[in-house]
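Number of protein chains: 2
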Amino acid sequence: MPLNYRFRDPALAALALTHRSVGKPNNERMEFLGDALLGAFVAEMLYEAHPKASEGELSRLRAQLVNGQALAEIARKLELGNALTLGPGELKSGGFRRDSILADAFEASLAAVFLDGGLEACRQVVRELFGERVGALPRSSKDAKTRLQEWLQGHGHALPQYELIDSHGEDHAKTFDVRCTVSEPQVHSAEASGSNRRQAEQDAAEIVLARLTAQARNT
Amino acid sequence: MPLNYRFRDPALAALALTHRSVGKPNNERMEFLGDALLGAFVAEMLYEAHPKASEGELSRLRAQLVNGQALAEIARKLELGNALTLGPGELKSGGFRRDSILADAFEASLAAVFLDGGLEACRQVVRELFGERVGALPRSSKDAKTRLQEWLQGHGHALPQYELIDSHGEDHAKTFDVRCTVSEPQVHSAEASGSNRRQAEQDAAEIVLARLTAQARNT
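The listed protein sequences correspond, in order, to chains C and S.
Residue numbers for the first sequence follow the UniProt record's numbering, so the first one is 1 and each next one is one higher.
Residue numbers for the second sequence follow the UniProt record's numbering, so the first one is 1 and each next one is one higher.
Structural data, given as structure tokens:
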């Protein structure tokens with residue numbers, strides 16, 4: 001299943017698949033642009049699909065959809081590997097199979113669609129490719145503290161600590177600064193503030209959970 | 001100078017200026033979306049304006065334009081501070097002057113424009129607000145190693161170390177893996193690869209420089 005977009009300028013499509021091992025020009029600048037566009041369009045989809053998700057939850061969901069491994073998987077479905085232009089070194093060492101090279105080529109291809117056909121064309125391509133994936137995300141009904149606890153328990157780690165660092169403002173309108181810390185598999189801590197201590201703890205837990213899951217994905 | 005966009009749905013504009021200290025709903029979800037849109041449109045502007053900049057340079061330039069302090073400055077020009085809805089605690093402690101609250105409200109306002117008027121409307125607002133700023137960026141003619149060296153010297157720090165970690169591939173098509181390390185003001189190191197050792201060093205230097213300048217901005 002190749003990319004569902006017909007390029008007016010095939011040279012743009014080709015440049016998007018040109019790895020830096022070839023020399024210059026290559027797809028690195030396009031990857032910068034494609035990464036930004038992809039982030040925006042996926043943010044839009046998540047904003048629509050998860051009207052109750054907090055900012056932290058939206059970030060976490062996006063990181064689940066937009067990461068090297070997930071993008072490489074899409075690149076493979078689009079059969080970008082065979083279309084890559086690699087320098088002789090990467091060619092020999094099987095660069096066309098490498099997640100990072102595939103993910104970069106996919107992002108650069110999105111930039112190519114944008115440069116060739118405009119914002120709306122790029123958005124449509126992203127929506128088609130990610131629609132099912134966004135739909136398949138778990139609609140989390142569990143709050144962040146619960147999810148963090150379950151994640152830690154599921155991995156055999158100690159439970160998180162929550163501390164109140166500070167509170168300020170008058171009694172009827174206090175702001176609470178809290179910290180959530182986990183000690184395993186590695187120390188992570190995050191701070192959050194809110195008019196409600198429990199909500200601030202949820203926000204801090206969401207950040208810590210996002211770091212833990214990001215780390216778990218990268219190892 | 002208020003935002004140059006006329007909302008069909010003024011409730012969206014109002015929600016974008018509602019801080020979480022008020023409770024829910026507030027502008028946090030919109031900030032997530034606005035941040036992503038802003039990143040994409042500024043990426044586009046930089047891609048156009050700096051056709052020779054590397055990916056690392058584009059990232060660095062974007063971080064110069066899109067950071068809490070810079071966005072708060074724009075929010076002040078747009079007079080968002082007076083229009084904010086804050087909870088009583090933040091109101092008392094002068095939250096309408098805080099950079100982070102202003103920057104978030106600005107990003108959320110961009111999301112409101114998008115939700116109200118679509119992608120193109122949001123893009124136009126970003127282009128108007130950032131056009132001059134993008135134009136004013138130094139067109140760096142110095143390479144990253146030179147800029148890193150100058151930054152370190154300018155701050156009285158030791159010079160960076162470059163090491164060749166590995167090289168692979170055949171003689172006529174080698175890939176070089178290099179590392180750039182600085183020891184002051186804090187240890188930072190970055191790795192980069194390329195078919196040309198000097199270029200890989202430039203790329204690694206660009207990453208280290210981006211980290212140093214990001215850190216300097218945040219302290």
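Glycine is no exception: its CB is placed at the ideal position from the N, C-alpha and C atoms.
Remember, predicted model here, so these are calculated numbers, not experimental data.
To the nearest angstrom, how far is it from the Cα of residue 185 of chain C to the Cα of residue 157 of chain C? Looking up residue 185 of chain C in the first sequence gives position 185. Looking up residue 157 of chain C in the first sequence gives position 157. C-alpha separation (whole angstroms): 7 Å.
Which residues mark the beginning and the end of the beta strand (DSSP E) in which residue 194 of chain C is found? Taking the first residue of the first sequence as 1, we reach residue 194 of chain C at position 194. Counting along the chain, the beta strand (DSSP E) containing residue 194 of chain C begins and ends at 188-194.
To the nearest angstrom, how far is the alpha carbon of residue 213 of chain C from that of residue 63 of chain C? As a first step, residue 213 of chain C must be located in the first sequence, where it is residue number 213. As a first step, residue 63 of chain C must be located in the first sequence, where it is residue number 63. Distance between the alpha carbons of residue 213 of chain C and residue 63 of chain C: 9 Å.
Would you verify that the beta carbon of residue 145 of chain C is, or is not, closer than 8 Å to some beta carbon of chain S? Residue 145 of chain C sits at position 145 when you count from the first residue of the first sequence. No, residue 145 of chain C does not count as interfacial toward chain S.
Coil, strand or helix - residue 155 of chain S by DSSP: As a first step, residue 155 of chain S must be located in the second sequence, where it is residue number 155. Here residue 155 of chain S sits in coil by DSSP.
For residue 143 of chain S, which residues in the same chain have their Cβ closer than 6 Å to its Cβ, ignoring the five residues on either side in sequence? Counting from 1 along the second sequence, the entry for residue 143 of chain S is found at position 143. These residues qualify, in order along the chain: 202.
Once DSSP output is grouped into helix, strand and coil, what is the label at residue 28 of chain C? Against the first sequence, residue 28 of chain C aligns to sequence position 28. In this structure, residue 28 of chain C counts as helix in the three-state DSSP scheme.
Can you pull the chain C neighbours of residue 173 of chain S, defined as C-beta to C-beta under 9 Å? On the second sequence, residue 173 of chain S is found 173 positions in, with the first residue counted as 1. Within chain C, the residues near residue 173 of chain S are 21, 87, 88, 89, 90, 91 and 92.
Check distances from the C-beta atoms of the stretch 100-129 of chain C to those of chain A and list, in chain order, the residues that come in under 9 Å. Chain labels in this structure do not include chain A; the protein chains are C and S.
From the DSSP output, which residues share a beta bridge with residue 161 of chain C? The sequence position of residue 161 of chain C within the first sequence is 161, counting from 1. Answer is C:181.
When the distance is taken between beta carbons, is residue 210 of chain S closer than 8 Å to residue 179 of chain S? Residue mapping note: residue 179 of chain S aligns to position 179 of the second sequence, counting from 1. Residue mapping note: residue 210 of chain S aligns to position 210 of the second sequence, counting from 1. Their beta carbons are not under 8 Å apart, which means residue 179 of chain S does not touch residue 210 of chain S by this criterion.
Residues bridged to residue 176 of chain S (per DSSP): By one-based count along the second sequence, residue 176 of chain S stands at place 176. Paired residues: S:167 and S:194.
Considering Cα atoms alone, identify which of C:67, C:57, C:44 and C:206 is closest to residue 152 of chain C. Indexing the first sequence from 1 puts residue 152 of chain C at position 152. That would be C:206, whose Cα lies nearest to the Cα of residue 152 of chain C.
Looking only at C-alpha atoms, which of C:195, C:164, C:43 and C:189 sits nearest to residue 171 of chain C? In the first sequence, the residue the question calls residue 171 of chain C occupies position 171. Ranking the options by Cα distance to residue 171 of chain C, first place goes to C:195.
Nearest candidate by alpha-carbon position, reference residue 42 of chain S, set S:69, S:2, S:100 and S:135: Your numbering for residue 42 of chain S matches position 42 in the second sequence. Selected option, being the one with the closest Cα: S:135.
Give me the residue from C:87, C:71 and C:161 with the minimum Cα distance to residue 173 of chain S. Here residue 173 of chain S corresponds to residue number 173 of the second sequence, with the count starting at 1. Checked all of C:87, C:71 and C:161; the closest Cα to residue 173 of chain S is C:87.
Any chain C beta carbon closer than 8 Å to residue 39 of chain S: For the purposes of this step, residue 39 of chain S is identified with residue 39 of the second sequence, where counting begins at 1. Output row for residue 39 of chain S: interface = yes.
Best match in S:167, S:23, S:89 and S:80 for proximity to residue 99 of chain S [C-alpha to C-alpha]: By one-based count along the second sequence, residue 99 of chain S stands at place 99. When only C-alpha atoms are compared, the closest one is S:80.
Looking only at its own chain, which residues have a Cβ that is under 8 Å from the Cβ of residue 222 of chain S, when we skip the five neighbours before and after it? In the structure displayed, chain S extends from 1 to 219; residue 222 of chain S sits before or after that span and is not available.
Cα separation between residue 90 of chain C and residue 115 of chain S? Working through the first sequence from its first residue, we reach residue 90 of chain C at position 90. Working through the second sequence from its first residue, we reach residue 115 of chain S at position 115. Their Cα atoms are separated by approximately 44 Å.
Does the beta-carbon of residue 165 of chain C have 16 or more other beta-carbons within 10 angstroms, so that it is buried, or is it exposed? Locating residue 165 of chain C in the first sequence gives position 165, where the first residue counts as 1. Counting Cβ neighbours within 10 Å, residue 165 of chain C comes out exposed, since fewer than 16 surround it.
If the criterion is Cβ atoms closer than 8 Å, does the pair residue 3 of chain S and residue 78 of chain S meet it? As a first step, residue 3 of chain S is located in the second sequence; it is residue number 3 there, counting from the start. As a first step, residue 78 of chain S is located in the second sequence; it is residue number 78 there, counting from the start. Cβ atoms of residue 3 of chain S and residue 78 of chain S: closer than 8 Å.
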